[in-house]
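Take a look at the structure set out below.
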Amino acid sequence: MRYRTYAELASVNCDTRDVYLQWSPTNIDPKILLPNNYARRLVKDFHMQHLWWHHNGFHSDTFLEQCEIFWTSGAVVHPLWMALYLAVTCTSLWSLANSPRQCRELGLAFDDSLIELQFRKLTEILYEEDFLQNPSNREITILRDRIIIDDPNKATTKTSINLGDLQRAVADYKLWPHILLTSAGLAPSIALWSYAPSIVNSFGYERLQSNALTSVGQWMGVALTLFLGWLADTWGRRGYLVLSAVSIQFVFTLAYKCLPDDAAASTKFGLLTMAAGTTSWWHAVHGSWLSLNAQTPSERSMRMACFIMSANVAGLIGAQLFRADDRPFYHRGWTIAVVFMALSVACVLLLIALYRRANKKYFGKIQSSEAGSVEARPIGDELIVSKPYNY
Numbered sequence: 002m003r004y005r006t007y008a009e010l011a012s013v014n015c016d017t018r019d020v021y022l023q024w025s026p027t028n029i030d031p032k033i034l035l036p037n038n039y040a041r042r043l044v045k046d047f048h049m050q051h052l053w054w055h056h057n058g059f060h061s062d063t064f065l066e067q068c069e070i071f072w073t074s075g076a077v078v079h080p081l082w083m084a085l086y087l088a089v090t091c092t093s094l095w096s097l098a099n100s101p102r103q104c105r106e107l108g109l110a111f112d113d114s115l116i117e118l119q120f121r122k123l124t125e126i127l128y129e130e131d132f133l134q135n136p137s138n139r140e141i142t143i144l145r146d147r148i149i150i151d152d153p154n155k156a157t158t159k160t161s162i163n164l165g166d167l168q169r170a171v172a173d174y175k176l177w178p179h180i181l182l183t184s185a186g187l188a189p190s191i192a193l194w195s196y197a198p199s200i201v202n203s204f205g206y207e208r209l210q211s212n213a214l215t216s217v218g219q220w221m222g223v224a225l226t227l228f229l230g231w232l233a234d235t236w237g238r239r240g241y242l243v244l245s246a247v248s249i250q251f252v253f254t255l256a257y258k259c260l261p262d263d264a265a266a267s268t269k270f271g272l273l274t275m276a277a278g279t280t281s282w283w284h285a286v287h288g289s290w291l292s293l294n295a296q297t298p299s300e301r302s303m304r305m306a307c308f309i310m311s312a313n314v315a316g317l318i319g320a321q322l323f324r325a326d327d328r329p330f331y332h333r334g335w336t337i338a339v340v341f342m343a344l345s346v347a348c349v350l351l352l353i354a355l356y357r358r359a360n361k362k363y364f365g366k367i368q369s370s371e372a373g374s375v376e377a378r379p380i381g382d383e384l385i386v387s388k389p390y391n392y
């Protein structure tokens, strides 16, 4: 048998008089508890009558006996029991706070701030006792089941990808605009990463100065990438964020291309810095967008593999944009970069349109179904639950 901690043994021991149990006084602040045992019993009874089923296998008899011991002596069998008690009382008080009729029937009055105080103390006790360490087999099962309930697609145990998975991924027409966007949109970025110091040097700056000045745009790109990632996690609409970011890069690339050859060095440097700073800042969010819209784990793996390969293709293309016979202004290279960025904007617009169309079909199926939901369906040898696309 696996070694059991005292906290686990105490939680399953139904005999409160067992000599093994170590009763000790609690140091909890009385201000966060209900004022008297009568009110505490009212809340406990309300919980057992209306809310106990939330816990599935709740050891009510043991818990009630331990409540009486705590109310009369202030002793608890373990600090984690206090966390359980506070969980019961704060959920009960929260329900009562939203049910004036029940409060009137019980004749109970309490300050709503007590709910927050109890919840804060509950979480404090849990972290003080390292409740996430050494989970039992039952706790592992509960945690796994909760993850599967939130996302049934994670229930799959498939560990390999077969030819059918590859065929289904390649046959998805929504994947190809992502590949084209990555290859075309990253190519100007690769070119600028390599040739920006030489371009700045052509403005009249020394070689060391050129390298230092080029780093300004690169540091700007790092900050913008972090900001866009945070914004994507906060807002969630990755498609529109990628569209905005790619459009901004397109604008600065086009603006630099439209500069006359005899423009001031400071003007050229400013626009070049903005063009370099906005290169590929959308790439990470685009990758997460591509991954989120995968319907199965195997499809996600195939999508990300195509994503990486298309980025490598962008590296091969970008290395050829600025050629020696196009120096010093690289008119041909900048023209190709503008065309690539315009194509990238078109790809994002196409993707948003495709995902919107797919979502209309998805919600149409939900409305037409009797249960009002889309059931799990097999894809290959995986059982998945359809979900709306992110854009």
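Residue numbering for the sequence shown follows my numbering, starting at 2 and increasing by one per position. For every residue, glycine included, the Cβ atom is placed at its ideal position computed from N, Cα and C.
{"Item": "Quick check on DSSP: helix, strand or coil for Ser195?", "Value": "helix"}
{"Item": "Figure out for me which residue from Ala40, Ser25, Gly222 has the closest Cα to the Cα of Ser74.", "Value": "Ser25"}
{"Item": "Whole-angstrom Cβ separation of Thr254 and Ala276, contact assumed at under 8 Å?", "Value": "5 Å"}
{"Item": "Report buried or exposed for Asn294, applying the criterion of at least 16 other Cβ atoms within 10 angstroms of its Cβ.", "Value": "buried"}
{"Item": "Which residue wins for smallest C-alpha separation from Arg42, given the options Ala213, Phe71, Tyr196?", "Value": "Phe71"}
{"Item": "With DSSP run on the structure shown, which of helix, strand or coil describes Pro26?", "Value": "strand"}
{"Item": "Going by CA-CA distance only, name the one from Trp177, Val89, Ile29, Ser190 that's closest to Ile126.", "Value": "Ile29"}
{"Item": "Spatial neighbours of Glu106 within its chain, please: CB distance less than 7 Å, with the 5 preceding and 5 following residues excluded, ordered by chain position.", "Value": "none"}
{"Item": "For a test of your reading of the model: does the CB of Tyr257 fall under 7 Å from any non-hydrogen atom of the ligand GDP? Yes or no.", "Value": "As for the ligand GDP, it is missing from this structure, which has no ligand bound."}
{"Item": "Using DSSP bridges, identify the partner residues of Val77.", "Value": "Ser25"}
{"Item": "Please state the DSSP three-state secondary structure of Leu107.", "Value": "helix"}
{"Item": "Less than 7 Å between C-beta atoms, sequence neighbours within five positions excluded: which residues of the same chain meet that for Tyr196?", "Value": "Phe323"}
{"Item": "Taking the straight line between their C-alpha atoms, what separation do you get for Ser211 and Lys269?", "Value": "13 Å"}
{"Item": "By how many angstroms is the C-alpha of Ala98 removed from the C-alpha of Asp113?", "Value": "7 Å"}
{"Item": "Let me know if Tyr257 comes out buried or exposed under the rule of 16 or more other beta-carbons within 10 Å of its beta-carbon.", "Value": "buried"}
{"Item": "What does the alpha-carbon distance come out to for the pair Leu144 and Phe132?", "Value": "13 Å"}
{"Item": "Rounded to whole angstroms, what's the CA-CA distance from Ala170 to Leu164? Just pull it up for me.", "Value": "10 Å"}
{"Item": "If I follow the unbroken alpha helix (DSSP H) through Pro298, where does it start and stop?", "Value": "298-319"}
{"Item": "Going by other Cβ atoms of all chains shown within 10 Å of its Cβ, with 16 needed for buried, is Lys45 buried or exposed?", "Value": "buried"}
{"Item": "Tell me whether the beta-carbon of Lys175 lies closer than 8 Å to the beta-carbon of Ile33.", "Value": "no"}
{"Item": "List the whole-angstrom C-beta distance separating Gln250 from Thr279, where the pair is believed to meet the contact cut-off of C-beta under 8 Å.", "Value": "4 Å"}
{"Item": "Could you pull out every residue in the same chain whose Cβ sits closer than 6 Å to the Cβ of Leu181, ignoring the five residues on either side in sequence?", "Value": "Cys348"}
{"Item": "If we count Cβ pairs, one from each stretch, closer than 8 Å, do we get three or more for the region 226-244 versus the region 348-364?", "Value": "yes"}
{"Item": "Can you name the start and end residues of the alpha helix (DSSP H) that Thr226 belongs to?", "Value": "208-236"}
{"Item": "Evaluate His332 with the Cβ neighbour count: other Cβ atoms within 10 Å of its Cβ, from every protein chain shown; 16 or more gives buried, anything less gives exposed.", "Value": "exposed"}
{"Item": "With DSSP run on the structure shown, which of helix, strand or coil describes Phe330?", "Value": "coil"}
{"Item": "For the region 303-317 against the region 203-217, do three or more pairs of beta-carbon atoms, one drawn from each stretch, fall closer than 8 Å, so that the two count as touching?", "Value": "no"}
{"Item": "So the alpha helix (DSSP H) Ile150 belongs to, where does it begin and stop?", "Value": "138-151"}
{"Item": "Label Glu300 either buried or exposed according to how many other C-beta atoms from any shown protein chain fall within 10 Å of its C-beta, with 16 as the threshold for buried.", "Value": "buried"}
{"Item": "Does Val201 come within less than 8 Å of chain D when only Cβ atoms are used?", "Value": "Here there is only one protein chain, and chain D is not present."}
{"Item": "Going by alpha carbons, who is nearest to Phe341 out of Tyr86, Asn38, Ala88, Ser184?", "Value": "Ser184"}
{"Item": "State the CB to CB distance for the pair Phe204 and Ala266, rounded to an integer number of angstroms; the pair is presumed to be in contact (CB under 8 Å).", "Value": "4 Å"}
{"Item": "Quick check on Val223: buried or exposed, where buried means 16 or more other Cβ atoms within 10 Å of its Cβ?", "Value": "exposed"}
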